[in-house]
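Reading the sequence shown from the start, the letters are residues 1222 to 1473 in our numbering.
Written below as structure tokens is the structure these notes are about.
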Amino acid sequence: MGKVYLVGAGPGAPDLLTLRAAEILKRAEFVFHDALVHPQTLALAARARKILVGKRSGRHSTVQSFINKRLVDAAGKHAVVVRLKGGDPMLFGRAQEEIDALRKAGIEFEIVPGVTAATAASAELGVSLTRRGLARHVVFVTPRAGRGERENDWAAGVLTADTAVIYMGAELAEEIGAELIARGKPKATPLVLVESATLPERRVLYGTLAELPALALGAGGGPAVVLLGEVLRAARAEPVLTEKIEAIIKRA
Ligand code: SAH
């Protein structure tokens, strides 16, 4: 019996991978990966057979139960099987379903954390998600419910949190803005949309909650997180920040 590793590939840039993840990828015989994983990260798994199993939010992807089954089957034949996921595997990655299936089948597994989109975006903005005296809680939330999934009150978390990071929300910008404003979140709440964080094609769009739908129109279709809360005022105060980051990256 083999072992299955649920590995976080990080937010995009291939060098934002843990050493542990790199070492496991080198030994991997099978890699089941998400669509967002960088080709250079996949290339580390030089010996492995690589299989794309999804997953761009809302678009066609392999059915989860089928992925679970393939992981179990692969572990029956191979020593090192990797399920490589964007960001951190334990956030919005359906990891629990895979863990449950592996447990049920009696297969050994290990989770390797990765840098999640929220902290990658925060780093790029140069804005801490928490701040003394201003922000003591952060919520990671998605308004997107899968087909057949129970609806839940995602907005409640955003309304109470000092800082919110919304995953898989750019395509639902209208609904998100309308819902939060209708429920009393101030229209002027500072907001930033960060698309393709850590990648050369990234875009950073500054605005307010009321401007979210307009900002989303300016996004280019890459993966994007929406950050909102008072801490983001610091990002807005310095409009040259994006250029500065650009210059730093060029120098490095
Ligand atoms: N497990 C992942 C999240 C998977 S859900 C993580 O921890 O980051 C996919 C969503 O993550 C995207 O719709 C987007 O909201 C966010 N995301 C992933 N990569 C991103 C990136 N490079 N920049 C901005 N958002 C990103």
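The beta-carbon is built from N, C-alpha and C at its ideal position, and this holds for glycine as well.
What you are looking at is a predicted structure, and each value in this text was computed from that prediction instead of being measured.
With 16 or more other CB atoms across the displayed protein chains lying within 10 angstroms of its CB, G1229 is buried. When the alpha-carbon of A1267 is set against those of I1288, L1257 and E1244, the nearest one is in E1244. In terms of Cβ geometry, A1440 and A1391 form a close pair [threshold 8 Å].
For the options A1376, T1429, A1385 and V1258, the alpha carbon positioned closest to that of T1351 is the one of A1385. Shortest gap from the CB of D1294 to any heavy atom of the ligand SAH: 7 Å or more.
Relative to the non-hydrogen atoms of the ligand SAH, the Cβ of L1257 comes within a distance shorter than 7 Å of at least one. Per DSSP, reduced to three states, the secondary structure at T1384 is strand. Residue state for L1237 is assigned as coil, using DSSP reduced to three classes.
Its chain contains V1362 and V1447 as the residues whose beta carbon lies nearer than 6 Å to that of I1387, once the 5 sequence neighbours on both sides are disregarded; these appear in chain order. Among the bridge pairs identified by DSSP, A1356 is matched with R1352.
Bounds of any alpha helix (DSSP H) do not take in K1306; it lies within the beta strand (DSSP E) bounded by V1301 to K1306.
Boundaries around T1262 are those of the alpha helix (DSSP H), P1260 to A1264, since no beta strand (DSSP E) includes it.
Straight through space, the alpha carbons of V1379 and E1372 are spaced by roughly 16 Å. Annotated as distal: P1444 and I1397, with beta-carbon spacing of 8 Å or more. At a threshold of 7 Å, P1235 does not count as near the ligand SAH, since its beta carbon sits no closer than that to any of the ligand's heavy atoms.
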